[in-house]
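With the first letter of the sequence shown counted as 1, position 165 gets the number 165 in our numbering; the numbers rise by one all the way through. Beta carbons are placed, not taken as given, at the ideal position from N, Cα and C, and that holds for glycine. Working notes, beginning with the structure itself.
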Amino acid sequence: MSMLKDAQLNVTGVYQSEPMQTEMTVGIELKGDMGMTFNIPMVMTKEKLYVKVPNIPFLPIPENIVNKFIEFDLKKLAEQEGTEFNPDAMDAAKTQKLSNEIMDAVLGEYDQQKFFKNLDTKDAKLPEGVDAKQVVQFSVNNDNVKEAVTVLVTKALPKVMDIVSKEEYRDMLQLSQADIDKAKEDLKITEADQAEMAKDLDKLKNVLTINTFNIDFALDKNDFPVYQKMVADMLIKPEDTKDEVKLAFTGSNTYTKINEKPAFKINIPTGDDVITMEEFEKMMNSSYGGY
């Protein structure tokens, strides 16, 4: 776990809807004695995923494999798993639309006065290039965490299930109406259940200390969330033990050049730059003498 302390994960990408093409680079930076940094470029089309093999010091990957792109045939993989290939599941636009609907539904259940405040755009520490007309912060602290969890379970999650039950999302997530109906039924709680949950949440203050839990939303002139940032700093002390867990992380995402012509840098790999998963496994086995 020490390798994950102060670790950074950065993802930059470009998306195009027609024809569907996404490329991204996942950057991982590990700190400490085993500190290292490596990047993993990826390209996705409607039916294929290409992942570039990185050069990772502690993984003895043969030189003739490093920087090759492993090709995954998504349609073939679905057939091998006995499932129906669903290109909508890879549609970044639909995924973003679903994410926005869920976020709006969940946050819409919370009291504006208790959980939200407007931030001055000058004080919000927005990244360079983010032009926001409004920044709103959602915050949970030790005083309102009981209400936050109660609202999530009793109000927000049922709304999420209503959204997921829409045909366009149900098909995308490959869920049946029976699955959703069962989940809705499981979310129903009686007055006795609520009373028991309230007792458990009262004990939460003895276990959980929230130093910070904020989510900032920056909206542009078209009310599109061009920037989101989550900051969390919490201390968990399980009962009947001297152990404690400190959880602290910062995450953010930024959307730029919306509706502009995408500028791809990696592009769809071809020819000798591409190997299949079967070829990758064969080359790895050969390098280790067949083991």
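- With contacts defined by Cβ atoms closer than 8 Å, residue 208 and residue 236 form a contacting pair.
- The Cβ atoms of residue 213 and residue 195 do not sit closer than 8 Å to each other.
- Proximity to residue 112 across 223, 100, 148 peaks at 148, based on C-alpha coordinates.
- Between the segment 184 to 194 and the segment 221 to 230, the count of C-beta pairs closer than 8 Å stays below three; the two stretches do not touch.
- A distance below 8 Å between beta-carbons, with the five flanking residues on each side excluded, links residue 256 to the following residues of its chain, in chain order: 129, 130, 226.
- Here residue 263 is exposed. Its C-beta has fewer than 16 other C-beta atoms within 10 Å.
- Where residue 233 is concerned, the enclosing beta strand (DSSP E) starts and stops at 225 to 236.
- Residue state for residue 22 is assigned as strand, using DSSP reduced to three classes.
- Considered as a whole, the segment 125 to 194 harbours 134 to 139 as its complete beta strand (DSSP E) runs of no fewer than 3 residues, in chain order.
- If you draw a straight line from the Cα of residue 117 to the Cα of residue 137, it is about 5 Å long.
- Residue 243 places its beta carbon 8 Å or farther from that of residue 119.
- Between residue 151 and residue 210, the gap from beta carbon to beta carbon reaches 8 Å or more.
- Contact between residue 91 and residue 20 holds: their C-beta atoms lie close to 7 Å from each other, under 8 Å.
- Residues 85 of the same chain have their beta carbon placed closer than 8 Å to that of residue 79, with the five preceding and five following residues left out of the count.
- The C-beta distance from residue 70 to residue 51 rounds to 5 Å, short enough to meet the 8 Å contact threshold.
- With fewer than 16 other Cβ atoms inside 10 Å of its own Cβ, residue 127 counts as exposed.
- In the displayed model, residue 261 falls within coil according to three-state DSSP, outside both helix and strand.
- Taking the CA atoms as reference points, residue 65 sits about 15 Å from residue 270.
- Assignment of residue 84 by DSSP, reduced to helix, strand and coil, places it in the coil class.
- For residue 106, the enclosing alpha helix (DSSP H) begins and ends at 92 to 107.
- DSSP links residue 49 through a beta bridge to 44, 72.
- Closest option to residue 283, judged by alpha-carbon separation, among 68, 7, 24, 58: 68.
- If you draw a straight line from the Cα of residue 24 to the Cα of residue 36, it is about 20 Å long.
- Judged by beta-carbon spacing, residue 187 lies within the 8 Å limit of residue 161, meaning their Cβ atoms are closer than that value.
- DSSP lists no beta-bridge partner residue for residue 123.
- If you look at residue 115, you'll find it in the alpha helix (DSSP H) that goes 112 to 115.
- If you draw a straight line from the Cα of residue 185 to the Cα of residue 98, it comes to about 22 Å.
- Within 10 angstroms of the beta-carbon of residue 62 lie fewer than 16 other beta-carbons, which makes it exposed.
- If you draw a straight line from the Cα of residue 9 to the Cα of residue 26, it is about 7 Å long.
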